[in-house]
Amino acid sequence: MQISLLLDFYGDMLTEKQRDVIELYYNEDLSLAEIAAHSKITRQGVRDSIKRAESTLLELEERLGLAKRFRRIQEGLDKITMDARFVQENFGRLGYRREVDQRLAQIIEIAQNINE
433 MQISLLLDFY GDMLTEKQRD VIELYYNEDL SLAEIAAHSK ITRQGVRDSI KRAESTLLEL
493 EERLGLAKRF RRIQEGLDKI TMDARFVQEN FGRLGYRREV DQRLAQIIEI AQNINE
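Going by this note's numbering, the first residue of the sequence shown is number 433, and it counts up by one from there.
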């Protein structure tokens with residue numbers, strides 16, 4: 433799981449120092465040395481803070497699963513959009529009747545999975 437995505441979901445659960453350091457590292461692409469100079473702590477202190485923050489973010493995701501659910505919803509919505517467009521484009525074609533019915537069944541299944 434991408435740490436940047438987890439940071440979007442759970443960043444407020446970190447300490448201000450952890451959040452600042454991990455944002456600089458992952459979102460601003462600064463090195464440990466650059467962050468250390470900016471934060472006025474040692475390079476090792478920066479590394480430790482990043483590792484603790486990563487651990488916290490991963491633990492929160494394991495417990496709550498918000499990012500995983502968000503990704504599943506995004507994937508489902510993409511599939512719904514694709515299938516709906518297919519139905520729009522092909523509904524009138526008699527040769528596609530069976531495939532249209534299959535796509536409609538997929539749309540219903542995806543929508544039900546999103547609501548679970």
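Don't be surprised by glycine CBs; every beta carbon is placed ideally from N, CA and C.
What do you reckon, are the CB atoms on I542 and G497 nearer than 8 Å?
Their beta carbons are not under 8 Å apart, which means I542 does not touch G497 by this criterion.
Between I435 and E486, which are expected to be in contact by the criterion C-beta below 8 Å, what is the C-beta distance as a whole number of angstroms?
Rounded, the Cβ-Cβ distance is 6 Å, consistent with contact.
Which first and last residues belong to the alpha helix (DSSP H) in which F483 is found?
Correcting the residue type first, residue 483 is Lys in the shown sequence and not Phe. Per DSSP, K483 belongs to the alpha helix (DSSP H) from R475 to L496.
For L464, I'd like the list of residues in its chain whose CB is within less than 7 Å of its CB, leaving aside the five on either flank, ordered along the chain.
For L464, where only same-chain residues beyond five positions count, the Cβ hits under 7 Å are R475, V478 and R479.
Of all the options D515, T488 and T513, which has the alpha carbon lying nearest to the alpha carbon of F441?
Per the Cα distances, T488.
Compute the beta-carbon to beta-carbon distance between R484 and Q538, rounded to the nearest angstrom, for a pair I have assumed lies under 8 Å.
At roughly 43 Å, the Cβ-Cβ gap does not stay under 8 Å, so R484 and Q538 are not in contact.
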